[in-house]
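What follows is a short report on a single structure.
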Amino acid sequence: MVASGTFGYGFDAPQVDRSALGAMVTKGTTRAARTGNPPVRIAETASGMLNAIGLQNPGVDYVAQTYAPQWVEWDLPVIVNIAGESIEDYVEVARRLDGRPGVAGIELNISCPNVEAGLQFGVDARLAAQVTEAVRAATEMPLMVKLTPNVTDLVGIARAIEAAGADSISAVNTYLGMSIDVARRRPALANGLGGLSGPAIKPLALRAVWEVASAVEIPIVGVGGIFTAEDALEFLLAGAAAVQLGTVNYVRPDAARLVRDGIVAFAADSGLPDLGDIALRPRRKAVHV
Ligand SMILES: Cc1cc2nc3c(=O)[nH]c(=O)nc-3n(C[C@H](O)[C@H](O)[C@H](O)COP(=O)(O)O)c2cc1C
31 MVASGTFGYG FDAPQVDRSA LGAMVTKGTT RAARTGNPPV RIAETASGML NAIGLQNPGV
91 DYVAQTYAPQ WVEWDLPVIV NIAGESIEDY VEVARRLDGR PGVAGIELNI SCPNVEAGLQ
151 FGVDARLAAQ VTEAVRAATE MPLMVKLTPN VTDLVGIARA IEAAGADSIS AVNTYLGMSI
211 DVARRRPALA NGLGGLSGPA IKPLALRAVW EVASAVEIPI VGVGGIFTAE DALEFLLAGA
271 AAVQLGTVNY VRPDAARLVR DGIVAFAADS GLPDLGDIAL RPRRKAVHV
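Given below as structure tokens:
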């Protein structure tokens, strides 16, 4: 899959061969349209990038009425990533997408501040479970919940999300970071802090998948710093059922095809017809990719 926020809504890169994708995850979509943060919103670092886009998106009604009918024509499942500032926000966005032709599922971005509680949904097991449960009740579509790694007890949060009815978990979102422009003596990003992604976070994301994979039974989608087929295979070996590619799309727009071809070649070379069995430790429930 291509990861949320790195592929827009699928219309910006017509040269990309969509047939290489297993699914597309859209940019985070909110109840009302958002213009996002002021620039500078992206900064390059030694082995990754920082972003503080601020969830720029056209709002769920535009997505449902203008994009979804076009996705119906595509031979590709589209998973809409949703975000909000309150549980009601998430529920409303999910409701407006529920059963909409062209929308194959929902990914819940819980790395968003709960305005009332003053902290992110994803850093608190109780809040993470509450929002998952509320969205679960609002839609019968497949529901994937995306972990933020900026927490102490990732496994406890993953278990709470599973118990609240998620169908799968994606791990992980970006790591909070910062970069300072020495010449200008200010943070490189206008927002100050940003989310770090790319090769720098791969070992961290892999560890997250490894730990969560032994704690929950639902499938895990690995994401974080995957650039090559070998990177993707590391996540499958760690227990992921599938992977998402994010930052690499900016570097190599055809990355998904290269990664997919590399995985297929690995499966053929190693005589493994079903990569669902390659996890280093047996999953509690068999997962077939
Ligand atoms: C520019 C940019 C925008 C992103 N926007 C979103 C978003 O809207 N919602 C979300 O859940 N994740 C978002 N992410 C996080 C990615 O989907 C992914 O989890 C993260 O970048 C780690 O994967 P990577 O190292 O392969 O990029 C964004 C990442 C980047 C780089």
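Here my numbering is used: the first residue of the sequence shown is 31, the next is one more, and so on.
The beta-carbon is built from N, C-alpha and C at its ideal position, and this holds for glycine as well.
Note that this is a predicted model, so its numbers are computed, not measured.
Can you check which of these residues, 40, 251, 284, is closest to residue 306 by C-alpha distance?
Here the closest residue by C-alpha is 251.
Compare the Cα-Cα distances from residue 304 to each of 109, 123, 174, 263 and report the closest residue.
By alpha-carbon distance to residue 304, the top candidate from 109, 123, 174, 263 is 263.
Okay, do the stretch 214-221 and the stretch 77-89 touch, 3+ Cβ pairs below 8 Å being the bar?
yes
Looking at the unbroken beta strand (DSSP E) that takes in residue 136, where does it start and where does it end?
135-139
Looking at residue 58: is its Cβ nearer than 8 Å to the Cβ of residue 113?
Here residue 58 is near residue 113, since their CB atoms are less than 8 Å apart.
Cut-off 7 Å between Cβ atoms - residues of its own chain near residue 279, not counting five sequence neighbours on either side
32, 36, 37, 285
Please go through the same chain and pick out, in chain order, the residues whose beta-carbon is closer than 8 Å to the beta-carbon of residue 283, but skip the five residues on each side of it.
Counting only Cβ-Cβ distances below 8 Å, and skipping sequence neighbours, we find 43, 45, 46.
With a Cβ-Cβ cutoff of 8 Å, do residue 207 and residue 226 count as a contact?
yes
Minimum length 3: unbroken beta strand (DSSP E) runs contained in the stretch 147-208:
173-177, 198-201, 205-208
Beta-carbon proximity of residue 159 to residue 133, cut-off 8 Å
no
Who are the near neighbours of residue 302 in its chain, counting only those whose CB is closer than 7 Å to its CB and skipping five residues on each side?
308
In the DSSP assignment, find the beta strand (DSSP E) that holds residue 272 and state where it starts and stops.
272-274
Between the stretch 181-196 and the stretch 161-172, do at least 3 Cβ pairs fall closer than 8 Å?
yes
Identify, in the order they occur along the chain, each residue of the same chain with its Cβ nearer than 7 Å to the Cβ of residue 316, setting aside the five sequence neighbours on each side.
Confidence is the limiting factor: at residue 316 the pLDDT is only 49, short of 50, which leaves the residue's position unreliable and the question unanswerable from this model.
Using the beta-carbon count (16 or more within 10 Å), is residue 291 buried or exposed?
With fewer than 16 other Cβ atoms within 10 Å, it is exposed.
Simplified DSSP state of residue 73, which is helix, strand or coil
The answer is strand: DSSP assigns residue 73 an E or B state.
Comparing alpha-carbon positions, which option in 149, 187, 154, 137 lies nearest residue 323?
For the chain, the structure presents residues 31 to 319; residue 323 sits outside this window and is missing.
In the DSSP assignment, find the beta strand (DSSP E) that holds residue 108 and state where it starts and stops.
108-112
Are there three or more Cβ pairs, one per stretch, closer than 8 Å when the stretch 99-112 is compared with the stretch 68-75?
no
On the three-pair Cβ rule with 8 Å, is the stretch 106-125 touching the stretch 232-247?
No, they do not touch.
To the nearest angstrom, how far is the alpha carbon of residue 109 from that of residue 209?
32 Å
Count the other CB atoms within 10 Å of the CB of residue 300; is the residue buried (16 or more) or exposed (fewer)?
exposed
C-beta contact flag for residue 232 and residue 200 at 8 Å
If you check the CB distance, residue 232 and residue 200 do not come in under 8 Å.
For residue 244, name the three-state secondary structure that DSSP assigns.
coil
Put residue 229 into one of helix, strand or coil per three-state DSSP.
helix
If we ignore side chains and look at the alpha-carbon of each, how far apart do residue 130 and residue 260 end up?
36 Å
With respect to 7 Å, is the separation between the Cβ of residue 204 and the closest non-hydrogen atom of ligand 1 below this value?
At least one heavy atom of ligand 1 lies less than 7 Å from the C-beta of residue 204.
If you measure between the beta carbons of residue 172 and residue 135, is that distance less than 8 Å?
yes
Between which two residues does the alpha helix (DSSP H) containing residue 81 stretch?
Premise fails: residue 81 lies in the beta strand (DSSP E), 78-81, not in any alpha helix (DSSP H).
Residue 301 Cβ short of 7 Å to ligand 1 heavy atom set
no
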